[in-house]
Every structure is written in C-alpha cells, then in structure tokens.
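Worksheet for the structure shown next.
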Amino acid sequence: MLPRKWSNLERQRPRLRWAKWGTLAGLALTVMGAVGIGSWGFGLMVMAASVIWGATQLK
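Just so we're on the same page, the numbering used here is the position in the sequence shown counted from 1, plus 66.
Listed below in structure tokens is the structure:
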C-alpha cells in the first residue's frame, strides 16, 4: 500500500498516476524477464524512467 500522503499528491497532480503505473509495469516486466518470459532490461528501463519522471512531477 502507498501512504496516505501519496494519495493526496495523486489527487493534486494526476500525472503521478502514470508514474505509479509505469513503475508497476516495469517491475512486472523485470520479474517476468527474470523468469524467462519477458525482457528484464526493458523492464528496468521502464521502471527507472517512470521513477525519474515521477520525481520531476513532484518538483
């Protein structure tokens, strides 16, 4: 679960939802890549880009 503060930030800045979903998608791709189904490198790139983009939205 995300903290209550994050929910308040999401309401104020709707673009943070995309950062959350991008991070979760990157995590899923990374895990699937580790199992052998997907691409773990692409998953890491998606996850890192989502975290960086989310951090720029908080400024």
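We treat Cβ as the ideally placed atom computed from N, Cα and C, and that holds for glycine.
Ranking Lys71, Asn74, Trp84 by CA distance to the CA of Thr122 puts Trp84 first. In this structure Gly104 is not in contact with Met113, their Cβ atoms being roughly 13 Å apart against a cut-off of 8 Å. The straight-line gap separating the alpha-carbon atoms of Leu93 and Glu76 is approximately 20 Å. Between Trp106 and Ala115, the gap from beta carbon to beta carbon reaches 8 Å or more.
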